[in-house]
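Undergrad: Sharing a structure below in structure tokens format, with a few things to ask.
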DNA sequence: TTGACACATTCCCATATGGGTATATGTTTG
DNA sequence: CAAACATATACCCATATGGGAATGTGTCAA
């Protein structure tokens, strides 16, 4: 099997930096494809393709406006991502507590070393 | 260019469900590779390869214990993910508020419709 | 030292990717 | 209608993937 499709879920869709940029841009409100190509400095077909992926996982909605298509964010699929990552919030805090302990120990060790006159 | 490497960052590393399972398993504490293969029902080489990816993005640390290798979570790299997704929390809530509005409107419409005696 | 054990690495392969470029579809204007 | 504009799709390609299977590396026991 190969890597899971980018359209599998929000996790995969959002792993691509360009798609995160698109969502960030759309966070301010509806934008047309042309606006996005300009903002991202990316060619139009690529933008359209990224938007397709985002649409397929439900991260954006489209609306027709004459010959343009206005895209807007639908953050709902990000809830799952947020929920999963959120479960680790406690862990990375603990991690930093541990880090502090280690740093303290290092400081003590250095103090001892200096007392002994170096290695 | 092809898709970004899974070892590029936590976003990409965590897009793979198996790797999320591994992290979930390790959330309870240190585990050896063998424990993980059993828990995930995945072959040992595959587990080792997933662990390599997780190591390369700093999501796990290793420790030697005789002929086994104990892995533990290091959630720090998930902070960035959490931070990015977190910016959309307000948006998906707004989204649900809008949904509520829509539902209200629908209810009203139905009420009218019933008053008028159906469609 | 040999064998058993635990894990890492290598090779093979079908697959989807993302960018580039060209072209199709659809809409507005003249 | 044709031309211009906005967007979507199709195609080509180098690349990394993740699983399967085989093998390499290092550690413990007899």
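Residue numbers (the working numbering), protein chains in the order written: chain X, 1 to 119; chain A, 1001 to 1119.
Beta carbons: idealized from backbone N, C-alpha and C, even for Gly.
Show which residues of chain A have a CB atom less than 9 Å away from the CB atom of residue 63 of chain X.
TA: In chain order: nothing, as chain A lies at least about 14 Å away.
Undergrad: In chain A, which residues lie less than 9 Å from residue 50 of chain X when you measure between Cβ atoms?
TA: Here the premise fails: no neighbours, minimum Cβ distance about 12 Å.
Undergrad: Pick helix, strand or coil for residue 1075 of chain A, following the three-state DSSP scheme.
TA: If DSSP states are grouped into helix, strand and coil, residue 1075 of chain A belongs with coil.
Undergrad: Could you tell me the distance, in whole angstroms, from the CA atom of residue 1104 of chain A to the CA atom of residue 34 of chain X?
TA: For residue 1104 of chain A, the pLDDT reaches just 44, beneath the cut-off of 50, and the residue's location in the model is therefore unreliable, leaving the point undetermined.
Undergrad: Excluding the five sequence neighbours on either side, which residues of its own chain have a C-beta within less than 8 Å of the C-beta of residue 43 of chain X, listed in chain order?
TA: Excluding positions up to five away in sequence, the list reads 37.
Undergrad: How big is the Cα-Cα spacing for residue 1025 of chain A and residue 1 of chain X?
TA: About 23 Å.
Undergrad: Which bits of chain A does residue 30 of chain X rub up against, with CB to CB less than 9 Å?
TA: Correct list: empty, because the minimum Cβ distance to chain A is about 13 Å.
Undergrad: Counting only Cβ pairs nearer than 8 Å, list the residues of chain A close to residue 47 of chain X.
TA: Under the 8 Å cutoff, chain A gives no residues; its nearest Cβ is about 15 Å from residue 47 of chain X.
Undergrad: Residue 71 of chain X CB to nearest chain A CB: under 8 Å?
TA: No, residue 71 of chain X lies away from the interface with chain A (no Cβ there is under 8 Å from its Cβ).
Undergrad: Can you tell me whether residue 77 of chain X is buried or exposed? The criterion is at least 16 other CB atoms within 10 Å of its CB, across all chains shown.
TA: By the neighbour-count rule (16 or more Cβ atoms within 10 Å), residue 77 of chain X is buried.
Undergrad: Can you give me the Cβ contacts of residue 113 of chain X inside the same chain, cut-off strictly under 6 Å, excluding the 5 residues immediately before and after it?
TA: Unreliable positioning characterises residue 113 of chain X in this predicted model, as indicated by a pLDDT of 42, which lies under 50. A coordinate reading is not provided.
Undergrad: May I have the straight-line CA-CA distance separating residue 1016 of chain A from residue 89 of chain X, to the nearest angstrom?
TA: Whole-angstrom Cα-Cα distance: 20 Å.
Undergrad: Which residues in the same chain as residue 1049 of chain A place their Cβ atom closer than 6 Å to its Cβ, once the five residues preceding and following it in sequence are excluded?
TA: None.
Undergrad: Assuming the contact rule is C-beta atoms closer than 8 Å, residue 1054 of chain A and residue 1013 of chain A should be a hit. Round their C-beta distance to whole Å, please.
TA: Residue 1054 of chain A to residue 1013 of chain A, Cβ: 6 Å. Contact.
Undergrad: Distance cutoff 8 Å, beta carbons only. Does residue 1085 of chain A sit that close to anything in chain X?
TA: It does: the Cβ of residue 1085 of chain A has a partner Cβ on chain X nearer than 8 Å.
Undergrad: Looking at the structure shown, is residue 35 of chain X part of a helix, part of a strand, or coil, going by DSSP?
TA: In this structure, residue 35 of chain X counts as helix in the three-state DSSP scheme.
Undergrad: Nearest CA to the CA of residue 1066 of chain A: which residue from A/1021, A/1032 and A/1051?
TA: With distances taken between Cα atoms, residue 1066 of chain A lies closest to A/1032.
Undergrad: Between residue 1081 of chain A and residue 1010 of chain A, is the Cβ-Cβ spacing less than 8 Å?
TA: Cβ distance < 8 Å, so residue 1081 of chain A and residue 1010 of chain A count as in contact.
Undergrad: Tell me whether the beta-carbon of residue 124 of chain X lies closer than 8 Å to the beta-carbon of residue 68 of chain X.
TA: Since the first residue shown for chain X is 1 and the last is 119, residue 124 of chain X is missing from the structure and cannot be characterised.
Undergrad: State the CB to CB distance for the pair residue 1070 of chain A and residue 1062 of chain A, rounded to an integer number of angstroms; the pair is presumed to be in contact (CB under 8 Å).
TA: Correct: roughly 7 Å between the Cβ atoms.
Undergrad: Is it buried or exposed, residue 1075 of chain A, if we count other Cβ atoms within 10 angstroms and call 16 or more buried?
TA: Looking at its Cβ environment, which holds 16 or more other Cβ atoms inside 10 Å, residue 1075 of chain A is buried.
Undergrad: Just mark residue 1087 of chain A as buried or exposed, buried being the case when its beta carbon has 16 or more other beta carbons within 10 Å.
TA: Under this definition residue 1087 of chain A is an exposed residue.
Undergrad: Can the beta-carbon of residue 3 of chain X be found less than 8 Å from the beta-carbon of residue 1020 of chain A?
TA: Not in contact: residue 3 of chain X and residue 1020 of chain A (Cβ atoms no closer than 8 Å).
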